[in-house]
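Here the structure is laid out as structure tokens; the discussion comes afterwards.
Residue numbers (my numbering): 1 to 210.
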């Protein structure tokens with residue numbers, strides 16, 4: 001059986017989500033850095049980098065959330081999987097786009113606005129890596145304006161194609177990066193730009209459930 005290592009509060013959420021959408025049976029093994037789980041020998045045997053998520057699919061071991069999701073989509077996706085080389089290229093394009101253009105500034109804003117238990121180990125962990133910095137937060141918000149505008153424009157033009165095509169796979173892997181956007185509102189209109197994307201996600205998921 002497929003085993004998924006990580007926690008819902010980590011990038012493992014992407015893998016847990018796509019498994020549910022694909023209707024896969026899996027065993028979830030909660031693995032967290034805060035309690036030393038990612039440094040345990042049994043986990044390092046799965047992923048020597050000590051990062052989550054990681055999977056063990058009947059002996060095939062893989063790490064990196066986007067690589068895992070693409071692997072699962074191609075193996076089990078059926079109608080959710082890319083149907084041609086061109087479709088696969090588009091899937092990879094938007095997957096890489098989410099990781100290279102959006103995730104870093106988005107996480108910067110999230111870390112700046114994250115409310116953590118004062119004095120806790122998790123607060124210490126995150127604040128050592130992301131000290132409070134209003135200028136860094138504003139710079140990240142400004143950086144997000146362009147990619148969000150690009151995404152919104154693309155969906156407006158290609159929405160019907162995306163609903164009809166395999167693109168639900170792209171939607172799943174990309175949306176796991178973008179789902180944090182509504183929760184960091186209040187810092188600028190740019191955060192709310194992907195309205196067309198949100199509508200597309202709702203339309204595709206509804207269609208896939210019929």
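Where a beta carbon is used, it is the ideal one built from N, C-alpha and C, also for glycine.
What is the DSSP secondary structure of residue i, counted as helix, strand or coil?
i           : result
residue 61  : strand
residue 154 : helix
residue 55  : strand
residue 74  : helix
residue 20  : helix
residue 106 : helix
residue 124 : helix
residue 69  : helix
residue 14  : helix
residue 144 : helix
residue 205 : For residue 205, the predicted structure reports a pLDDT of 45, less than 50, and the residue's modelled location is therefore unreliable. A value from the coordinates is still provided. Residue 205: helix per DSSP, three-state reduction.
residue 36  : coil
residue 115 : coil
residue 133 : coil
residue 149 : helix
residue 9   : coil
residue 211 : Since the first residue of the chain shown is 1 and the last is 210, residue 211 is not available in this structure.
residue 139 : helix
residue 81  : coil
Please classify residue i as buried or exposed, where buried requires at least 16 other C-beta atoms within 10 Å of its C-beta.
i           : result
residue 60  : exposed
residue 101 : buried
residue 81  : buried
residue 1   : exposed
residue 119 : exposed
residue 84  : exposed
residue 77  : buried
residue 21  : buried
residue 6   : buried
residue 40  : exposed
residue 182 : Bear in mind that the predicted position of residue 182 carries a pLDDT of just 48, short of 50, making it too unreliable to give a figure here.
residue 142 : exposed
residue 149 : exposed
residue 34  : exposed
residue 127 : exposed
residue 212 : Not covered by the structure: residue 212. The range shown for the chain is 1 to 210.
residue 89  : exposed
In whole angstroms, give me the CA-to-CA distance for residue i and residue j.
i           : j           : result
residue 113 : residue 137 : 9 Å
residue 44  : residue 38  : 7 Å
residue 125 : residue 32  : 13 Å
residue 117 : residue 123 : 6 Å
residue 213 : residue 156 : As displayed, the chain neither begins before 1 nor continues past 210, which places residue 213 out of reach and without an answer.
residue 28  : residue 4   : 5 Å
residue 187 : residue 103 : Bear in mind that the predicted position of residue 187 carries a pLDDT of just 43, short of 50, making it unreliable; the figure below should be weighed with that in mind. Their backbone Cα atoms lie some 17 Å apart in a straight line.
residue 48  : residue 91  : 28 Å
residue 11  : residue 132 : 22 Å
residue 46  : residue 57  : 11 Å
residue 15  : residue 69  : 6 Å
residue 18  : residue 145 : 27 Å
residue 79  : residue 73  : 9 Å
residue 25  : residue 135 : 45 Å
Give me whichever residues DSSP pairs with residue i in a beta bridge.
i          : result
residue 27 : 3
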